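As structure tokens, the structure follows; a few thoughts come after it.
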């Protein structure tokens, strides 16, 4: 049975990384994902499609990949319906999978939340392709290209929270603060609150 997950590029696997560093990186990403409230765990591509079907374009969630060689997949509602894109991982970096011949490499990130935040409408602007090899992590932006199976650009606008994991008022306040400042550690707040802000530095 054909997987519904879209490939966004093929990559030659880089040399093996330190297993301890891999474990730290992956564990950190899953901690962030569980805190986010829009990580849906081991649901299938069909279940993700059903959850997104009646949502607005750009609504997304992250789930476990149905492919044994991948850990995670990004499911998103496009103007042609829900689709899924695999998230690749290697040597402490995450990036979107791609099959486009014009996208041999995509920008990589130290955790999944940074990747997703980069491609949301309220996140960072995509970086241009590097003109030489001096910036190996500056890569083309898949949001400007079309998914092969869906024929529409990838666009992320808002996460779909899992009903039983809807974030607390404290967490929503933390996200609001993060949206309005890049230096939350400089706010005149008690240390416990500053530590709480530092535990989740994202605005999605």
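In our numbering, the protein residues as written are 10 to 213. Ideal placement from N, C-alpha and C gives every residue a C-beta, glycine not left out. Computed from a prediction, not measured in an experiment: that's the story for all the values here.
- Our two residues, residue 189 and residue 210, have alpha carbons roughly 12 angstroms apart in a direct line.
- By the Cβ-count criterion, residue 179 is exposed, with fewer than 16 other Cβ atoms from all chains shown falling within 10 Å of its own Cβ.
- Two segments are said to touch when three or more pairs of C-beta atoms, one from each, lie closer than 8 angstroms; by this definition the stretch 42-52 touches the stretch 69-76.
- Look at residue 213 here: in three-state DSSP terms it is coil, with no helix or strand label.
- Annotated three-state conformation of residue 38 is helix, per DSSP.
- In this structure, the alpha-carbon of residue 193 lies about 10 angstroms from that of residue 202.
- With 16 or more other Cβ atoms from the protein chains shown falling within 10 Å of its own Cβ, residue 124 counts as buried.
- Contact check for residue 61 and residue 75: beta-carbon distance about 15 angstroms, past the 8 angstroms limit, so the pair fails to qualify.
- Rounded to whole angstroms, residue 91 and residue 128 show a C-alpha spacing of 17 angstroms.
- Here DSSP, grouped into helix, strand and coil, assigns residue 122 to helix.
- Around the beta carbon of residue 105, a 10 Å sphere encloses 16 or more other beta carbons of the protein chains shown; the residue is thus reported as buried.
- DSSP, reduced to helix, strand and coil, places residue 90 within a strand of the structure shown.
- DSSP places residue 205 in the helix class (H, G or I) of the three-state scheme.
- Residue pairing by DSSP leaves residue 175 without any beta bridge partner.
- For residue 28, the secondary structure class from DSSP, reduced to helix, strand or coil, is helix.
- When DSSP states are grouped into helix, strand and coil, residue 96 belongs to the strand group.
- Taking residue 96 as reference, the option from 122, 166, 199 with the minimal CA-CA separation is 122.
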